[in-house]
Amino acid sequence: MTMAGQTINDRLLAARHSLAGQGLAKSVCKATTEECIGPKKKHLDYLVHCTNEPNVSIPHLANLLIERSQNANWVVVYKSLITTHHLMAYGNERFMQYLASSNSTFNLSSFLDKGTVQDGGMGVPGGRMGYDMSPFIRRYAKYLNEKSLSYRAMAFDFCKVKRGKEEGSLRSMNAEKLLKTLPVLQAQLDALLEFDCQSNDLSNGVINMSFMLLFRDLIRLFACYNDGIINLLEKYFDMNKKHARDALDLYKKFLVRMDRVGEFLKVAENVGIDKGDIPDLTKAPSSLLDALEQHLATLEGRKVSAANTPTQSSSNQRNVKSAVSALSSTSSAFGTAAASSKFDTTNGIDEQLKAQVLAEEEAAMNQYKSKVSSPTSSGATGASAALTNPFLSSPPAAQAGQPIVDLFGAASAQPAAAAAATKASDDLLQLGNPFADMFDASGGGAAAVGATGAALNANNLWMHNNGFNGASVSSAAATNAFVSDSNFSSVFGNTEPAGNAGDGTAKYDGAGSSPFDWGATDDDGGAAQ
Numbered sequence: 000m001t002m003a004g005q006t007i008n009d010r011l012l013a014a015r016h017s018l019a020g021q022g023l024a025k026s027v028c029k030a031t032t033e034e035c036i037g038p039k040k041k042h043l044d045y046l047v048h049c050t051n052e053p054n055v056s057i058p059h060l061a062n063l064l065i066e067r068s069q070n071a072n073w074v075v076v077y078k079s080l081i082t083t084h085h086l087m088a089y090g091n092e093r094f095m096q097y098l099a100s101s102n103s104t105f106n107l108s109s110f111l112d113k114g115t116v117q118d119g120g121m122g123v124p125g126g127r128m129g130y131d132m133s134p135f136i137r138r139y140a141k142y143l144n145e146k147s148l149s150y151r152a153m154a155f156d157f158c159k160v161k162r163g164k165e166e167g168s169l170r171s172m173n174a175e176k177l178l179k180t181l182p183v184l185q186a187q188l189d190a191l192l193e194f195d196c197q198s199n200d201l202s203n204g205v206i207n208m209s210f211m212l213l214f215r216d217l218i219r220l221f222a223c224y225n226d227g228i229i230n231l232l233e234k235y236f237d238m239n240k241k242h243a244r245d246a247l248d249l250y251k252k253f254l255v256r257m258d259r260v261g262e263f264l265k266v267a268e269n270v271g272i273d274k275g276d277i278p279d280l281t282k283a284p285s286s287l288l289d290a291l292e293q294h295l296a297t298l299e300g301r302k303v304s305a306a307n308t309p310t311q312s313s314s315n316q317r318n319v320k321s322a323v324s325a326l327s328s329t330s331s332a333f334g335t336a337a338a339s340s341k342f343d344t345t346n347g348i349d350e351q352l353k354a355q356v357l358a359e360e361e362a363a364m365n366q367y368k369s370k371v372s373s374p375t376s377s378g379a380t381g382a383s384a385a386l387t388n389p390f391l392s393s394p395p396a397a398q399a400g401q402p403i404v405d406l407f408g409a410a411s412a413q414p415a416a417a418a419a420a421t422k423a424s425d426d427l428l429q430l431g432n433p434f435a436d437m438f439d440a441s442g443g444g445a446a447a448v449g450a451t452g453a454a455l456n457a458n459n460l461w462m463h464n465n466g467f468n469g470a471s472v473s474s475a476a477a478t479n480a481f482v483s484d485s486n487f488s489s490v491f492g493n494t495e496p497a498g499n500a501g502d503g504t505a506k507y508d509g510a511g512s513s514p515f516d517w518g519a520t521d522d523d524g525g526a527a528q
């Protein structure tokens, strides 16, 4: 049972690693799922990034991949090999160094996935796919082991060394070291060519991805191999008998491997790789082999017809030059293909497409910047932003002539004069805005305040009926601020005589300067003055 391409086992294993806080193990698990496609780029990129981190344990990462290669499912095993190959090609060299120095290799020489055969071929699409992929898994694991052994023997990766006539490592190598290096390179190339797949074998995304990684390595390996053979031929006629014998044997093996490389490239062309991206193989003339054999026979003391004549020596020189010229063209073609990053999966997209996307993004960003200008810029957008932005360092031009309101500072002279024109009791009960005078326009502040106060006092009944209004009032209101005697008597009744002064009550005569100037009686009934 699968969910979104991943099986239940994949999801449970990833969840277990998440709960245990094992992020590296979770990434390895996600890169080597049972889903019948190649490892996803995001997981491979993360693992490549981990190889460059100093706090990530390279032995732990390598052991996790080797552990996944012991799975019974062919997809998991194959994807663990692909992930390892990807890290060897694009990861930090520490990963390659650990694989070369450790005894932990892929022991898959007898691997066979019988699951899809036993269940009637219903395990995965394609029926016998697991059984058919098992031989390729064994060959692929053998190549990766041989790649690690080559690094252990040479202390460098043949796929990453410099190539070419000027700076090529094998072009500038001395004869003795070259005779020791070429057999190691041949062994790795033989392991790669033993993969031996045909176009109809590339039937799923897993083996297709491994084929592309092998194709990438083949281009680089043979370019390096070709440089070594050119250097060998240039030094051949100056070698001693033992070195010449070894060099001739290496050259014969080179001719055989050149034919096998051509067959591999034909498969690559048949599976859809552009023919222009496949380098051309230019073989050396067959007469060169005869010249090399005759020179070796001369060194061994065997009788060869016209071996030491000047004519034969000049012919040998011409054969070597023509062979070097032919192999140099091959070296140039493979070097160009190796330097190209078209088949590198580390970039993810083509460089032209990447440049186009970056240009479009930059154009969109420039257009956005032109629409959204700075708040202080001139224009409608800038002006509207300036009016509503309280954090501007300078006031906007539209409000430059207006005074700045300071609610907590000292009052200006005009508001102070306006406040002196009215009493504090005018606003005792109306509870107006104490800051209203500050928002009046300059020049008419006092007049506006006076007019506003008069209008409010006219509508305020308390201001006319109490004794605190400083404005002019009627004489009746000044005589009796509260109410007239007749109105008071009609409501409450007035049965007591006005002039009774001995009954112990207080009387208000209505003529005092204060409405609260009442008479009081003492204890013996007399009025207190």
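Residue numbers for the sequence shown follow numbering that gives the first Met the number 0, beginning at 0 and rising by one.
Think of the CB as a built atom: it goes at the ideal place given N, C-alpha and C, for glycine as much as any other residue.
(request) State yes or no: is the C-beta of residue 73 within less than 7 Å of the C-beta of residue 112? (result) Your numbering for residue 73 matches position 74 in the sequence shown. Your numbering for residue 112 matches position 113 in the sequence shown. Residue 73 is a Cβ neighbour of residue 112, given a cutoff of 7 Å.
(request) State the DSSP-derived secondary structure class of residue 104, mapped to helix, strand or coil. (result) For the purposes of this step, residue 104 is identified with residue 105 of the sequence shown, where counting begins at 1. Residue 104 falls in the coil class under three-state DSSP.
(request) Identify whether residue 5 lies in helix, strand or coil by the three-state DSSP scheme. (result) Numbered from 1 along the sequence shown, position 6 holds the residue referred to as residue 5. Strand, per DSSP.
(message) Within 10 Å of its beta-carbon, does residue 206 have 16 or more other beta-carbons around it, so buried, or fewer, so exposed?
(response) Position 207 of the sequence shown, counted from the first residue, corresponds to residue 206. Buried: at least 16 other Cβ atoms inside 10 Å.
(message) Just to confirm, is the Cβ distance from residue 284 to residue 336 under 7 Å?
(response) By one-based count along the sequence shown, residue 284 stands at place 285. By one-based count along the sequence shown, residue 336 stands at place 337. Judged by beta-carbon spacing, residue 336 lies beyond the 7 Å limit of residue 284, meaning their Cβ atoms are not closer than that value.
(request) Ignoring anything shorter than 4 residues or poking outside the segment 120–187, list the alpha helix (DSSP H) runs there in chain order. (result) Within the segment 120–187, the complete alpha helix (DSSP H) runs of at least 4 residues are 128–153.
(message) Using the three-state DSSP reduction, which class does residue 280 fall into: helix, strand or coil?
(response) Position 281 of the sequence shown holds residue 280. DSSP, read as helix, strand or coil, puts residue 280 in coil.
(message) Report the CB separation of residue 190 from residue 142 in whole angstroms; it is logged as a contact under 8 Å.
(response) Against the sequence shown, residue 190 aligns to sequence position 191. Against the sequence shown, residue 142 aligns to sequence position 143. At roughly 4 Å, the Cβ-Cβ gap stays under 8 Å, so residue 190 and residue 142 are in contact.
(message) Starting from residue 299, trace the alpha helix (DSSP H) in both directions and tell me its first and last residue.
(response) Working through the sequence shown from its first residue, we reach residue 299 at position 300. Annotation for residue 299: the continuous alpha helix (DSSP H) segment containing it runs 286–299.
(request) Would you tell me roughly how many angstroms separate the C-alpha atoms of residue 155 and residue 368, rounded to the nearest one? (result) Walking along the sequence shown from the start, residue 155 turns up at place 156. Walking along the sequence shown from the start, residue 368 turns up at place 369. Taking the straight line from one Cα to the other gives about 50 Å.
(request) Decide yes or no for the touch test of the segment 207–214 against the segment 157–167: beta carbon pairs closer than 8 Å, at least 3 of them. (result) No contact exists between the segment 207–214 and the segment 157–167.
(message) In whole angstroms, give me the CA-to-CA distance for residue 180 and residue 245.
(response) The residue labelled residue 180 in the question sits at position 181 within the sequence shown. The residue labelled residue 245 in the question sits at position 246 within the sequence shown. Each residue's Cα considered, the two are about 12 Å apart.
(request) Compute the distance between the beta-carbons of residue 75 and residue 6, then report whether it is under 7 Å. (result) Counting from one through the sequence shown, the residue named residue 75 turns up at place 76. Counting from one through the sequence shown, the residue named residue 6 turns up at place 7. No.
(request) Can you tell me which of the three DSSP states residue 82 falls into? (result) Here the question's residue 82 lines up with position 83 in the sequence shown. Residue 82 falls in the helix class under three-state DSSP.
(request) Check whether the Cβ atoms of residue 38 and residue 81 sit closer than 7 Å, and answer yes or no. (result) On the sequence shown, residue 38 is found 39 positions in, with the first residue counted as 1. On the sequence shown, residue 81 is found 82 positions in, with the first residue counted as 1. Between residue 38 and residue 81, the C-beta gap is smaller than 7 Å, which places the two residues in contact.
(request) Alpha carbon to alpha carbon, how far is residue 161 from residue 42? Give it in angstroms, no decimals. (result) The sequence position of residue 42 within the sequence shown is 43, counting from 1. The sequence position of residue 161 within the sequence shown is 162, counting from 1. Straight-line Cα distance between these residues: approximately 29 Å.
(request) Determine the direct distance from the alpha carbon of residue 135 to that of residue 370, and round the result to whole angstroms. (result) Working through the sequence shown from its first residue, we reach residue 370 at position 371. Working through the sequence shown from its first residue, we reach residue 135 at position 136. If you take the alpha carbons of residue 370 and residue 135, they lie about 59 Å apart.
(request) Could you check if residue 362 is buried or exposed, using at least 16 other CB atoms within 10 Å of its CB as the buried criterion? (result) Residue numbering aside, residue 362 sits at position 363 when the sequence shown is read from its first letter. Around the beta carbon of residue 362, fewer than 16 other beta carbons lie within 10 angstroms, which makes this residue exposed.
(request) Can you tell me which of the three DSSP states residue 64 falls into? (result) Sequence index remark: in the sequence shown, residue 64 carries index 65 (1-based). In this structure, residue 64 counts as helix in the three-state DSSP scheme.
(request) Identify whether residue 50 lies in helix, strand or coil by the three-state DSSP scheme. (result) The sequence position of residue 50 within the sequence shown is 51, counting from 1. In the three-state scheme derived from DSSP, where H, G and I count as helix and E and B as strand, residue 50 is classed as helix.
(message) Using the Cβ count rule (16 or more neighbours within 10 Å means buried), how would you classify residue 274?
(response) The residue labelled residue 274 in the question sits at position 275 within the sequence shown. By the neighbour-count definition (other C-beta atoms within 10 Å, threshold 16), residue 274 is an exposed residue.
(message) Once the 5 residues before and after residue 78 are set aside, which same chain residues still bring their CB inside 6 Å of it?
(response) Position 79 of the sequence shown holds residue 78. Counting only Cβ-Cβ distances below 6 Å, and skipping sequence neighbours, we find 31, 38.
(request) May I have a chain-ordered list of the alpha helix (DSSP H) segments no shorter than 4 residues that lie completely inside the segment 192–246? (result) If we require 4 residues or more, the alpha helix (DSSP H) runs fully inside the segment 192–246 come out as 204–235.
(message) Rounded to whole angstroms, what is the Cα-Cα separation between residue 269 and residue 213?
(response) As a first step, residue 269 must be located in the sequence shown, where it is residue number 270. As a first step, residue 213 must be located in the sequence shown, where it is residue number 214. Roughly 16 Å between the two C-alpha positions.
(message) Measuring only the C-alpha atoms, how far is residue 28 from residue 220?
(response) As a first step, residue 28 is located in the sequence shown; it is residue number 29 there, counting from the start. As a first step, residue 220 is located in the sequence shown; it is residue number 221 there, counting from the start. Annotation: residue 28 to residue 220 spans about 31 Å, alpha carbon to alpha carbon.
(request) Spatial neighbours of residue 298 within its chain, please: CB distance less than 7 Å, with the 5 preceding and 5 following residues excluded, ordered by chain position. (result) Residue mapping note: residue 298 aligns to position 299 of the sequence shown, counting from 1. Closer than 7 Å at the Cβ level, and outside the excluded window around residue 298, lie 240, 243.
(request) Determine the extent of the alpha helix (DSSP H) in which residue 22 is found, giving its start and end residues. (result) As a first step, residue 22 is located in the sequence shown; it is residue number 23 there, counting from the start. If you look at residue 22, you'll find it in the alpha helix (DSSP H) that goes 22–30.
(request) Kindly indicate which three-state DSSP category residue 33 falls into: helix, strand or coil? (result) The residue labelled residue 33 in the question sits at position 34 within the sequence shown. Coil.
(message) With H, G and I counted as helix, E and B as strand and the rest as coil, what does DSSP make of residue 57?
(response) Within the sequence shown, numbered from 1, the residue matching residue 57 stands at position 58. Correct three-state label for residue 57: helix.
(message) Restricting to Cα atoms, I'd like to know which of 91, 85, 260 is closest to residue 55.
(response) Position 56 of the sequence shown, counted from the first residue, corresponds to residue 55. The candidate whose alpha carbon is nearest that of residue 55 is 91.
(request) Work out the CA separation of residue 365 and residue 232 for me, nearest whole Å. (result) Your numbering for residue 232 matches position 233 in the sequence shown. Your numbering for residue 365 matches position 366 in the sequence shown. Approximately 59 Å, taken between the alpha carbons.
(request) Report the three-state DSSP secondary structure of residue 113 (helix, strand or coil). (result) As a working note, residue 113 is residue 114 in the sequence shown. Reduced to three states, the DSSP call for residue 113 is coil.
(request) Compute the Euclidean distance between the alpha carbons of residue 106 and residue 140, then round it to the nearest angstrom. (result) Stepping through the sequence shown from its first residue, residue 106 is reached at position 107. Stepping through the sequence shown from its first residue, residue 140 is reached at position 141. Residue 106 and residue 140: Cα-Cα distance of roughly 8 Å.
(message) According to DSSP, simplified to helix, strand and coil, what is residue 273?
(response) By one-based count along the sequence shown, residue 273 stands at place 274. Correct three-state label for residue 273: coil.
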